[in-house]
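Residue numbers (the UniProt record's numbering): 1 to 361. One structure below.
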């Protein structure tokens, strides 16, 4: 039997979001209905609202979420009703060439629910990142549900669903930061700060936060940065080198996604060091580097997809670290809000006033 819930819908490009009635179908084979308890307000949702990802309006926004499985469809074995889960947007297929090679975090055929949620008049909705969690309930593929310890508050657990996992994974999984490494993170928003927290978890010896916003640099120190560089006041490449004995950092994580900051990351790393791109560029951006420098500096230039995470492996581990007091997820939550406050939260996020606004349902 279908259900009707309240949800936040982006009706068209750059239009204000609206609270609409959303129709949730019964879960079909391989699907699950989740009662959403909390969902973070992420830049990706703003990009959907602005039409920067696709034109498949109307969108049901929200994806960085945690909640409780309410109902599952036929054939579902991963989760059961009553499980506390974090939602992920890369449900691995288990069959593609990446999965068959034992690298499911690179899965090339991730999937979402087959059925569509709709507006009350039957208009199909496009759920953000296949999730659509700015709603009291949502329909997802069961593989998008990762069971974690229910002792974790939903407002912090849900952050693993996107930004925090992307940043931590960029440091731990993609950058392979290890004990004693020097790490520089360029761009200290939610993802960059999570990369700093990941570097701290790995035991990095020197963690350098780089940003043009003094407020963001203060927050970066709270989550684990040992040094800061205001790149609006000094050359970040020279500053990082000065802080690393003149050599550059072992790992530089670029969390902005712009050609100019990528070049900074490239030249701020040590010889044979690693650059990790986790900031998401826009389609028109291009990059030019001297090929001799690419060869001569050696090392690795990597892109990090969702922190190269495997949700079934990484989400429970990070929740356990949080419960042990070793990962401060609370620091990422600036405020908790209601569904009706999302338009204002987008503006605060755009203005750099918050690290994360989290909707509580």
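Ideal Cβ placement from N, Cα and C applies to all residues, glycine included.
Residue 9 and residue 290 have their C-alpha atoms spaced approximately 45 Å apart. In the structure shown, residue 208 falls within a strand segment according to DSSP collapsed to helix, strand and coil.
Two segments are said to touch when three or more pairs of C-beta atoms, one from each, lie closer than 8 Å; by this definition the region 224-233 does not touch the region 283-301.
Between the region 181-198 and the region 277-287, the count of C-beta pairs closer than 8 Å reaches three or more; the two stretches touch. The Cβ atoms of residue 171 and residue 319 do not sit closer than 8 Å to each other. In this structure, residue 113 keeps its C-beta atom at 8 Å or more from the C-beta atom of residue 104. Note that the C-beta distance between residue 209 and residue 237 is not below 8 Å.
The Cβ-Cβ distance between residue 183 and residue 84 does not fall below 8 Å.
In this structure, DSSP gives residue 259 a helical state, which the three-state scheme calls helix. At a Cβ-Cβ threshold of 8 Å, residue 196 and residue 240 do not count as neighbours. The beta carbons of residue 226 and residue 206 sit closer together than 8 Å. Taking 3 residues as the shortest admissible run, the region 252-310 contains the following complete beta strand (DSSP E) segments, listed from N- to C-terminal end: 269-277 and 300-303. For residue 63, the closest of 81, 80 and 44 by C-alpha to C-alpha distance is 44. By the Cβ-count criterion, residue 95 is exposed, with fewer than 16 other Cβ atoms from all chains shown falling within 10 Å of its own Cβ.
The straight-line gap separating the alpha-carbon atoms of residue 177 and residue 262 is approximately 19 Å.
Counting C-beta pairs closer than 8 Å gives fewer than three between the region 20-27 and the region 247-257, which falls short of the contact rule.
The Cβ neighbour count for residue 165, taken over all protein chains shown within 10 Å, is at least 16; the residue is labelled buried. For residue 344, the secondary structure class from DSSP, reduced to helix, strand or coil, is helix. The residue from 360, 339 and 332 with its alpha-carbon nearest to that of residue 353 is 332. Burial is judged here by how many other beta carbons sit within 10 angstroms of a residue's own beta carbon; residue 264 has at least 16 and is buried. In the structure shown, the three-state DSSP call for residue 123 is coil. Here the region 334-344 does not lie against the region 299-307, with fewer than 3 beta-carbon pairs under 8 Å apart. If the five residues before and after residue 50 are omitted, its C-beta is found closer than 7 Å to the C-beta atoms of 13 and 14, all from its own chain and listed in chain order.
For residue 243, the enclosing alpha helix (DSSP H) covers residues 236-243. Sequence-distant Cβ neighbours of residue 266 in its own chain, meaning closer than 7 Å and more than five residues away, are 275 and 289. Residue 79 and residue 109 have their C-alpha atoms roughly 21 Å apart.
For residue 3, no alpha helix (DSSP H) encloses it; the enclosing beta strand (DSSP E) starts and ends at 3-10. Assigned with DSSP and collapsed to three states, residue 164 falls in helix. Annotation for residue 218: the continuous alpha helix (DSSP H) segment containing it runs 214-223.
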